[in-house]
Structure formats: structure tokens, C-alpha cells
Amino acid sequence: METRSSVFANPKPCKHLADYKLRHGLSGYKFLQKWLKTFPNGKTSIKMCETKMPRCSFCSGIRQGRLFLCLICSSMSCSDHTLLHSQSENGHDIAVDIERSELYCCSCSDQVYDLDFDKVVVAKNIVDMPSKTRDSVVDDLMRRSSKRRRLNSVVDLDLIRSKFFVWMRGRRAKSCYPLGLRGLNNLGSTCFMNSILQALLHAPPFRNYFLSERHDRETCRKRSSDQSCLACDIGVIFSAVYSGDRTPYSPAQFLYSWWQHSANLASYEQQDAHEFFISVLDAIHEREGKERNPNKDNGDCQCIAHRVFSGMLRSDLTCTTCGFTSTTYDPCVDISLNMDTSSFSSVDVANKSVRPNEDTGRSTLLACLDLFTRPERLGSDQKLYCQNCQEKRDTLKQMSIKRLPLVLSLHIKRFEHSSLRRTSRKIDWHLQFPFSLDMTPYLSPSIVRNRFGNRIFGFESDEADISAEFEIFAVVTHSGMLDSGHYVTYLRLQNQWYKCDDAWITEVDERIVRASQCYMIFYVQRMLYYKANEDLSCAPMPSRRDPFVPIAGCC
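Residue numbers (full-length UniProt numbering): 1 to 555.
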């Protein structure tokens, strides 16, 4: 068996957390334990004073968003002032989210994971359990721990948590939530991973493939000597999430496999959710694509990643002198859209968020798609060779969509980098997006007809069997600054919106979703959306031998 590299098995944790534990050990954790309070729904919070409302020591705001308690001086800071606190007080980097009882690094501006802290919280949960339940859980854990020892402490802790909270599952909590709605534990700045996983877990054709076990893990292991397969680990997550268990799940093995595939990103640092999305699909393609069609390019690939997410873009380059047009086609798994920032001031501050006023800080998704398919005159330094003129000429470039995917993923470019001014910024504009989207105006036939004044009535197209009408099912949002922040996913299941904030799942109104700062938007073809809206909470899990029911355009 191949030996796994320790570089991936033990990545460096947050340096600020390591420094804190080196100086103070576990004293801060144990002192905090007496203030932990577990509620009937399983939520653990910090209650230091029943009569006094917690306030931010900087702005004196009462519960203005999330509040964090410094483990060194016990001062309170809101999410806008945690970084200021760590900068003003040397060494005061680690705090605790008082609503969630989760560690937070003020300097990194993100959650951090520590097994020792979780043990303290779990121990408090046991104390707060009813006596009979507590005794039975402790006895069971002691008996099982003497039989076997797990190598992965994070996965082991997740299993222990399931035993601790099994007594709560009969309460309101999430019992009426749709099947498959389950929180994912933050393993240390992994909100970027959790947000994308939630979207993938609820993409209907992608979900159907893995729940019907079309990717056979046993066969996959026999075919390859490589012990790490991202598709196999995704299959494990699907089985766990759709098992009916509502306790938060820790995707530790999946994270390890992704680190092996993306060695340059193997750390506990915050990563870009869009980059992670592309990386995961690429890893699935590498494993499945080689087995299914080793001699075909991505455009005709039959791996599940490309069958679900892959579309085709058309690029037309037109000579402004003679009108000759050169056309190329490129496969894509998502479309990156620019926001119109022409109203911004020329003076930008490096690494700062740009927050325009209400008059100029609004845009729409349809405007972004219009901008994407609008003809663009290339600069004088980008003249291209014209085959008809036999020399370089000024050129017009126009993009359009030749083939739509089953699941349309749209990436909003909120991060801008200027090499000329050596500045970076985040665009905090509010983007209005529809829940129902008709992509017909952006398809190649529509774009070309408009270019020639609707004089072309016949057009070669492979869109006859693929609908251009889509329904939204997931929105990945980013809040915070350019170099730090937090990712959250909103899921639309059975026409109800749910907020997936790492381990926490809550129902939200659609107004909350519309007001969010979207970073990636996922649409699925309308037919598949309504088919997926069937009540899964009462549907039995498919057995291993159940046949996979093909969906038009997918299989």
C-alpha cells in the first residue's frame, strides 16, 4: 500500500492559535467551560451574564451581527472590530464566537479548528444532558473506545458528536427539513470548501449520479493503485448527508484527498471558493474521464463533472476592415461575469473593499450577461491576423453560448487586481439576480441573428433538446474584506430557502437571499428542478442494486 505523505496528513494549523496554546495551554478553554450553555436544540452558546446584554467594546453595538470574546482579556468585539482588537492588543488573536462556541482567529478573520477546544465543548454537552441519556452515551463510548482506535481524530470526534446529540433528534431542530440538509463542520478556515460542497450535494443530476452509486468505490480502488480518489470521497459524503442523520458532518477525508490533488493549496489558510470548485471538477474528470473516454477532449467527455456542468462557449473575432469572422469553440464548466465598474473613482486603496453609494452600487445579473455577450473592440496592441486581409487588423470580439449545461454555474468577479497600479479591491456591489432565468438571449443563434439584424433565419444549433429555462437552487456568498472573509451557501429546496453556514442550518426568507452578496450562483434546468422538488424526506434510500434512472441530457 502506498504510504501517504505527512505533508498532507498534518498541515500546519493557524500560527496564531499555535502561539496561543504554546503560551497559555488549555487554561483559557477550561475557564470558559463554565460559561457554556447547551440548549434543547443542541446549540451551545456562551452566557456570561443573564441580565446584561453583550456589547462590542469598540462600537458599543448590541448584537450587531456576531460577537466574539477574547480568550486573553475577555473583551467583546463585533465582526467589524475583531481585527482592530488584535492589532491594538499584542497577542490577543484568538477569540470565541459567543453564539456558536467556535474558535475564531481575529488576525486571520476566520474560524479555526482545535480538537482540544471541541473536547471541552463536548464535555460540557455531556454534563448538560439528562442523567439517563448521559449515562448510556458515556457507557457506550467507553465500551466502543476499548475495541478500536481511529486514526483520524476529526472523523472520530464527528462520530462521538453523533452519539452525544442523538437524543435531540426527536425535537423540532431539523426533523422537518428535507432529506440531505445537513451541516458541515468547519475544519479550520474551510468555509470555502463547505459552501461549494453544499451546492454540489444539491445539484440534482450530480446528486442522482452519486446516490445511485454509479461511481463504484470498490471497483475504483481495484483499477488504480492511487489510494486517494476525490470522486470516491464525494460518494462517501453523499451517503452520510442523505442517511437521515442531522448532526453536522466532518468532511475530513475529502479535505485530505483534495490536498493530495492540489498540493499547492494544502494548508489551513482560506482559499477561493471558485478556485476550489474548478479544482474539484478537474479532479473528478482526471479520474473518471480517463476511464470512460481516454481519447476525447473535455467537450465530449462523459465523466459526471462534464456531463452535468460542461457547456460550450462560442467566440467570434470579426475584422473591422473586411468583415471576415473567425469562430472558435471552447468547453467551460462555469461562466465568469464582470460587473460594470466604470463609475468607480480612479483612486483605489490596496486590499480594501469598494463600497459604492446606493445610486452607483447596484447591478443585475442580466446586465452582467449582456456585458459578457456584448461586442468588444480589442485595443490597438491586440490586433489580430486576418486571413482575408493577410495582415493584422483591428478586431471585434463577441462571446456567446453555443451549448448550455444541465447545471449552469455563474461566477461573479468581485475581486479585481490592477498590475498597473499594483492595487487590489473587492467589489461590494449589490447584484440583483432572478430565481427563474431564460438564457435564450445569450445563445449563439440569438446573438448572431441580432448581429445581422435578424436576417439569418436558419442556424446550425445543437440546442434542440436542451431547455434554455433555468431555476436557481444555490447561491454562494462572500462577506468580509478582500484578504479575508466568510463563505455561506443558500439552498432552495422545495421552494424554501435554507442558510448553510458551516455546521449551522437555518430557514431564511427569500428577501435575505436577494440581499446577500452573491459570489457564485447555481441554476439547474427547470425540468430537473421540478423533478428534484419531490419530497425526499419520505423517500427511501436507493439500494446498491437499484438501477440508475437516466435523465434526458445527462446519461
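We put the beta carbon where it would ideally sit given N, CA and C, even for glycine.
Note that the coordinates shown come from a computational prediction; the quantities given were computed from them, not determined experimentally.
Presumed contact (8 Å Cβ cut-off) between residue i and residue j, rounded CB distance
| i | j | result |
| --- | --- | --- |
| T44 | S88 | Actually they are not in contact, since the Cβ atoms of T44 and S88 sit about 29 Å apart, beyond 8 Å. |
| N185 | Y249 | 7 Å |
| V308 | A203 | 7 Å |
| I304 | E288 | 6 Å |
| L260 | V236 | Looking at the sequence itself, residue 260 is Gln, so the reference to Leu does not match. Rounded, the Cβ-Cβ distance is 15 Å, inconsistent with contact. |
| Q432 | L365 | 7 Å |
| M520 | H411 | 5 Å |
Helix, strand or coil at residue i [DSSP, three-state]
| i | result |
| --- | --- |
| H478 | strand |
| residue 556 | No statement about residue 556 is possible, as the shown extent of the chain runs from 1 to 555 and does not include it. |
| R511 | helix |
| S212 | coil |
| S490 | What sits at residue 490 in the sequence shown is Tyr, not Ser. Strand at Y490. |
| G188 | coil |
| C59 | coil |
| Q270 | coil |
Start-to-end residues for the beta strand (DSSP E) that takes in residue i
| i | result |
| --- | --- |
| T373 | It is not in any beta strand (DSSP E) - T373 instead sits in the alpha helix (DSSP H) that spans L365 to T373. |
| P331 | T325 to C332 |
| Q496 | Q496 to D501 |
| C191 | From DSSP, C191 is part of no beta strand (DSSP E) but of the alpha helix (DSSP H) over C191 to L201. |
| T318 | G311 to C319 |
| R466 | First, the amino acid is wrong: residue 466 is Ile here, not Arg. Note, I466: premise wrong, no beta strand (DSSP E); not H, not E. |
| S436 | S436 to D438 |
| S409 | V407 to I412 |
| D428 | Neither: D428 is in no beta strand (DSSP E) and is coded neither H nor E. |
| Q302 | First-last for Q302: undefined, no H or E at that position. |
| Q398 | T395 to R403 |
| E102 | E102 to C105 |
Whole-angstrom distance between residue j and residue i, CA atom to CA atom
| i | j | result |
| --- | --- | --- |
| L281 | S228 | 15 Å |
| H92 | K21 | 12 Å |
| W429 | A515 | 11 Å |
| D340 | E416 | 12 Å |
| C70 | Y113 | 16 Å |
| F31 | C191 | 28 Å |
| K414 | R362 | First, the amino acid is wrong: residue 414 is Arg here, not Lys. If I take the Cα positions, the gap works out to 13 Å. |
| C59 | D110 | 21 Å |
| S543 | S212 | Note that S543 scores a pLDDT of 38, beneath 50, so its modelled location is shaky; the value from the coordinates is reported in the next line. One C-alpha to the other measures close to 8 Å. |
| C106 | P434 | 36 Å |
| T247 | V241 | 9 Å |
| H215 | A231 | 7 Å |
| R492 | I335 | 21 Å |
| E469 | L396 | 29 Å |
| I278 | R377 | 29 Å |
| A18 | E218 | 39 Å |
| L408 | M527 | 14 Å |
| T423 | S326 | 35 Å |
| C14 | Y104 | 10 Å |
| Y177 | Y498 | 9 Å |
| V488 | H85 | 25 Å |
| H274 | T440 | 25 Å |
N-terminal and C-terminal residue of the alpha helix (DSSP H) that residue i is part of
| i | result |
| --- | --- |
| H16 | K15 to H24 |
| Q382 | Run containing Q382: none; DSSP gives neither H nor E here. |
| F31 | S27 to Q33 |
| S243 | Where S243 is concerned, there is no enclosing alpha helix (DSSP H), given that its DSSP letter is neither H nor E. |
| V112 | Segment: none, V112 is in no alpha helix (DSSP H) and carries neither H nor E. |
| residue 556 | In this structure the chain extends from 1 to 555, so residue 556 is not present and cannot be described. |
| R526 | R526 to A532 |
| R451 | S444 to R451 |
| H85 | T82 to S88 |
Exposure of residue i, with buried meaning 16 or more beta-carbon neighbours within 10 Å
| i | result |
| --- | --- |
| N194 | buried |
| P375 | exposed |
| D502 | buried |
| F452 | exposed |
| K147 | For K147, the predicted structure reports a pLDDT of 39, less than 50, and the residue's modelled location is therefore unreliable. A value from the coordinates is still provided. So K147 ends up on the exposed side. |
| K34 | exposed |
| R511 | exposed |
| S257 | buried |
| T318 | buried |
| Q198 | buried |
| K132 | Here the model assigns K132 a pLDDT of 46, short of 50, so the residue's position is not dependable, and the following value carries that caveat. Classification for K132: exposed. |
| C322 | exposed |
| K426 | buried |
| L83 | buried |
| M76 | buried |
Residue i Cβ short of 8 Å to the ligand SAM heavy atom set
| i | result |
| --- | --- |
| H24 | You won't find the ligand SAM in this model; it holds no ligand whatsoever. |
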